[in-house]
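Have a look at the structure below before the remarks.
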Amino acid sequence: MQEALLWSVIAYCSGNALFTVVMGNAFAAFPIMTAAIGWPVLVENFNGNPAAIFAFGMMAGFCGTLCTPMAANINIVPAALLQMKNKYGPIIAQIPTAIIMLVAITIMMRVFAF
């Protein structure tokens, strides 16, 4: 049971981040992942705290925002304004932080939401 919970938390957090990369915005990805995994699996099946699960889920989505060129306002525009040679420079610089944050958020969700 605990292993299934851990894999569900990993699927929800990483799914939020990856779907945000695809969609370009955590606000678009979050409701879909919450309807698919967050509410039915984590809240209903594992009796998790909805406020904690959804807060950590939204933060996991923001990790994906750091890694996508579709979030142009924070990833592409600064490169143009700073006249960087590589227009993906901000994204490359943010990926390690996003990965560390995603791992930390996943651990915190598992510890504090259940």
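Heads up, my numbering is the position in the sequence shown plus 1, with the first residue counted as 1.
Think of the CB as a built atom: it goes at the ideal place given N, C-alpha and C, for glycine as much as any other residue.
Small disclaimer: the values here were computed from a predicted structure and weren't measured.
For residue i, the three-state DSSP class (helix, strand or coil)
i     : result
THR98 : helix
CYS68 : coil
TYR13 : helix
beta-carbon residue i near the ligand COA non-hydrogen atom, thresh 8 Å
i     : result
GLU45 : Ligands displayed in this structure: none; no statement on the ligand COA is therefore possible.
Buried versus exposed call for residue i [16 or more other C-beta atoms within 10 Å across all chains shown]
i     : result
ILE92 : buried
PHE55 : buried
THR69 : buried
THR21 : buried
ALA81 : exposed
Beta-carbon proximity of residue i to residue j, cut-off 9 Å
i      : j     : result
MET109 : LEU67 : no
GLY58  : PHE31 : yes
ILE33  : ALA61 : no
PHE47  : SER15 : no
GLY65  : ALA37 : no
Alpha carbon of residue i to alpha carbon of residue j, nearest angstrom
i      : j     : result
ASN74  : TRP40 : 31 Å
PHE115 : TYR13 : 14 Å
LYS86  : GLU4  : 46 Å
First through last residue of the alpha helix (DSSP H) which encompasses residue i
i     : result
GLY49 : GLY49 -> no alpha helix (DSSP H), and no H or E assigned at all.
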